[in-house]
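The opening position of the sequence shown corresponds to residue 0 in numbering that gives the first Met the number 0, with each subsequent residue numbered one higher.
Glycine included, C-beta positions come from ideal geometry on N, C-alpha and C.
Below is one structure, written out as structure tokens, with a few remarks after it.
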Amino acid sequence: MERFKALVVDKADEGTVMDIKEIGMDDLSEGEVTIKVAYSSVNYKDGMVGVTGSIAETFPIVPGIDLAGTVISSEDERFQEGDEVIATSYYIGTRHSGGFSEVARIPAEWVVPLPEGLTLKESMELGTAGFTAALCVKRLEENGLEPGAGKVLVDGASGGVGSLAINMLADKGYEVVASTGRTEEAEYLKSLGAAKVIHRDEVTDTDGKSTRKRQWQAAIDPVGGKTLQYILSSLDYGGSVATCGLAGGIEVETTVLPFISRAINWLGIDSVKYPMEPRIKVWESLAGELKPSALETHISHEVSLEELPDTLRDILKGRVRGRIIVKF
0 MERFKALVVD KADEGTVMDI KEIGMDDLSE GEVTIKVAYS SVNYKDGMVG VTGSIAETFP
60 IVPGIDLAGT VISSEDERFQ EGDEVIATSY YIGTRHSGGF SEVARIPAEW VVPLPEGLTL
120 KESMELGTAG FTAALCVKRL EENGLEPGAG KVLVDGASGG VGSLAINMLA DKGYEVVAST
180 GRTEEAEYLK SLGAAKVIHR DEVTDTDGKS TRKRQWQAAI DPVGGKTLQY ILSSLDYGGS
240 VATCGLAGGI EVETTVLPFI SRAINWLGID SVKYPMEPRI KVWESLAGEL KPSALETHIS
300 HEVSLEELPD TLRDILKGRV RGRIIVKF
């Protein structure tokens, strides 16, 4: 096969080196399904791989934990040449060469058929961020979340998971409060359906209280750290928080009090190793009932492969709003 362009990251004395290179099939990880990539997307994890190398398990590596495109060839009978497919999560872009390449080769057990109701572009406007947001909404509803029962907090609101979660919840009739450190994005967040926008300092634990005034029937938390501490202390009776990220840190200090006096639920959300059968069902819901109404009008914009290094630096610095997709 002819050579193709990809973003390649290698380890350097300080951090990493990112280069757009021409590579060949021998430079890709092994897999049964070879895909001509139409779109990828930019996630916080991609920034960590590209800029710091902190979660990459091998070098050199093509990052990009998400990709969507058309099957070129397949050694697995479940996929045929010409099929449109999605591949996200697992070890893509961290241990296995990923989506920031014109061609990808992926293990068949990691590949999802593109569901009816989604285009390849839309699937990457969603990507891991949309999949994660959908998992959060589903888990919260399984634990009693329903419209009209109280406010739902979404922290890290201007990021990918936050933006998509706000729009999904608002579309379903929930009253959403968006928390962000970038209050200049208030109009953007309201355009997605947020009823109110607050500064993240208003939901940051500074005094170590185990319980405080009840404010939320539920919360979606891509941040962790002291923000999560505040949420746990301020959920309503029987409320739930779905934690899916660590942008604010991995350490959380709490006590058993809010759990046993208010019967709250702390739900862990993992999109990386989520089993394939329910994974396909989540993608089908993203093509239907959970497809965000503002997906293309407000949430996403495109960059080229050549613009990726700067974009990866920006996402680590908190300069990215919503979703960024890479078009090939």
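Who are the Cβ neighbours of residue i in its own chain at under 6 Å, not counting the five residues just before and after it?
i: Leu144; result: Ala217
i: Met47; result: Ser53 and Ile54
i: Tyr173; result: Pro146 and Val151
Using the Cβ count rule (16 or more neighbours within 10 Å means buried), how would you classify residue i?
i: Gln214; result: buried
i: Gly97; result: buried
i: Gly159; result: buried
i: Gly244; result: buried
i: Gln79; result: exposed
i: Ile249; result: exposed
i: Tyr229; result: buried
i: His95; result: buried
i: Thr57; result: exposed
Would you list the one or two residues that DSSP bridges to residue i?
i: His95; result: Ile91
i: Phe3; result: Ile22
i: Trp215; result: Leu234
i: Ile324; result: Ser40 and Glu301
i: Leu245; result: BP columns for Leu245 are empty, so no partner.
i: Thr33; result: Ser72 and Arg104
i: Lys195; result: Val176
Ordered along the chain, which non-local residues of its own chain (more than five positions away) have a Cβ less than 7 Å from that of residue i?
i: Glu31; result: Ser73, Glu74, Asp75, Pro106 and Ala107
i: Glu305; result: Ile19
i: Ala128; result: Asn42, Gly159, Val160, Leu163 and Arg322
i: Ile279; result: Val111
Look up residue i in the DSSP assignment and say whether it is helix, strand or coil.
i: Gly158; result: coil
i: Gly224; result: helix
i: Thr179; result: strand
i: Thr310; result: helix
i: Thr203; result: coil
i: Asp12; result: coil
i: Glu386; result: Lying before the first or after the last residue shown, residue 386 is absent from the chain, which here runs from 0 to 327.
Who are the Cβ neighbours of residue i in its own chain at under 8 Å, not counting the five residues just before and after it?
i: Gly81; result: Thr69 and Val70
i: Ser209; result: Ser232, Thr253, Thr254, Leu256 and Pro257
Alpha helix (DSSP H) segments (min. 4 residues) lying fully within the stretch 43–93
43–46
What are the start and end residues of each continuous beta strand (DSSP E) run of 3 or more residues lying completely inside the stretch 111–160, in chain order?
150–153
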